[in-house]
Every structure is written in structure tokens, then in C-alpha cells.
Amino acid sequence: MHRPTVWLPHIPRTAGQSRHEMLMHLPEYKRFDHKRNSNIPLKNNIVMGHMSVLESPDWIKILFVRDPIERFWSSFYYTQKRHPLVTLEQYIKGTNIPLHGYVHFTTTIDWLKWQQQEGKCNWQLDPYKWDYIFTIHEMDKFVKVMNKLGYNVNPQVQVNGNNIDYSKLDTPDMEKINTEYKYYTDLGITL
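For the sequence shown, the working numbering assigns the number 787 to the initial residue and increments by one for each residue that follows.
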């Protein structure tokens, strides 16, 4: 049975682990990053990971997004688990390059461009062209699309929330957060 290859770039802190658990039972599922990008079968597969190296214009492209303020705080707390001495001020100044175990808040566009640059990708990704865009709270819609495409996704997996009310946190006014909101607005996304 011919099925389109589905590409799911994993933007940090957008429920990538939950999607991985939904897909890992499928033999067609491949998880890659920009350091492990060889031998990706280009037909009848689901490709996910921190990579944008071998994507093809023929693939179905699915983007997951998350409210930028939630994603900022999730990223900060994730970093603090691995680097407890990092203060909020240090985290905000941070580094422009995402590092293993240190997930600096990076806009979706910057993340995709960085991956493409790191992977020396020769196919120009248009970060405004997606076949489907879901928020992390729309896993049910994702499951329906994947089933329609011929992939039997595990619908039982739920996004693991940490029950933090991000609206009560004193979020700094950051250009990156504003840029992310603008990107979503330009894509026609309502959070």
C-alpha cells in the first residue's frame, strides 16, 4: 500500500515525546536528527525528529505549535532540570545555538533554519508552507489525519502536562516571544 511520507519536525517543547509514543509501534516510523540523517527511506514513512535535512517537497508536512509563553516556561524548566544553577536572567541571555540538554527558547523559524543550516540542506524549506498545523492540545485531530493517510496511530497517548498556570507567571517581554506570536498570526493560527 502506497502512503505519503509524513514529516514532523520536532520543535522543542511541543509534545514531541507524546508524538513519539503515539508512533513508535509503527514499523514505518523513523526518528532522526541532523547528526543521524543517512538512509532515511523517502517513501511510505513517518519521519520525525530534530532535523530538516532530507525533507522533500512531496512529503506531507505537519507542524505542531504551542503558545509561546507556555513553550518559553516549559523550555526554561526543562533546562533547569538539567542545569539547576541556570537563572532566568542567564537563560534569557543564553546562546543562539540549541545545545544537548540545554533547550534555549528559539522561535520555530529560527529552529528550522538552524537545522537546515547544520544539515547543509540543499532543499529550501518554506517555513510558511504546511499541510497541517496542530496545537499540542489537538492530538485527536492529528490521529484522525494520520489514520486517513493510512497510518494506524496509537490514540491512547496523552500530552503530559505539568499543571502550571503559565498565565500567572511573570513572563519577560521578549522579542522572541513576540516573533513567535507573529509567525503564528501569519500562518493563520489561533491559539
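Glycine included, C-beta positions come from ideal geometry on N, C-alpha and C.
A straight-line Cα-Cα distance of about 15 Å links Pro941 and Leu935. Shown here, Leu794 sits in a strand according to DSSP, grouped into three states.
Annotation for Asp917: Ile846, Lys847 and Ile848 place their beta carbon closer than 8 Å to its own, counting only its chain and skipping 5 residues before and after. Remark: fewer than three beta-carbon pairs, one from each stretch, lie closer than 8 Å, so the segment 966-976 and the segment 866-879 are not flagged as touching.
DSSP places Ile963 in no beta strand (DSSP E) but in the uninterrupted alpha helix (DSSP H) bounded by Glu961 to Leu973. Partner residues in the beta bridge of Val851, as assigned by DSSP, are Thr921. Counting only the Cα atoms, Asn933 lies some 31 Å from Ser861.
For the pair Thr791 and Asn830, the Cα-to-Cα distance works out to about 5 Å.
According to DSSP, residue pairing for Arg799 in a beta bridge does not occur. For Tyr877, the enclosing alpha helix (DSSP H) stretches over residues Leu874 to Lys879.
Between Pro958 and the set Glu875, Ile922 and Thr893, the nearest pair of CA atoms involves Glu875. Counting of Cβ neighbours within 10 angstroms places Tyr877 among the buried residues, the total reaching 16 or more. In its chain, beyond the 5 residues on either side, Val851 have a beta carbon closer than 6 Å to the beta carbon of Thr921. When the five nearest sequence neighbours on each side are left out, no beta carbon in the same chain lies closer than 8 Å to the beta carbon of Asp951. By the Cβ-count criterion, Pro870 is exposed, with fewer than 16 other Cβ atoms from all chains shown falling within 10 Å of its own Cβ. Under a 10 Å Cβ-count criterion, Pro854 is classified as buried, with 16 or more other Cβ atoms of the shown protein chains found around its own Cβ.
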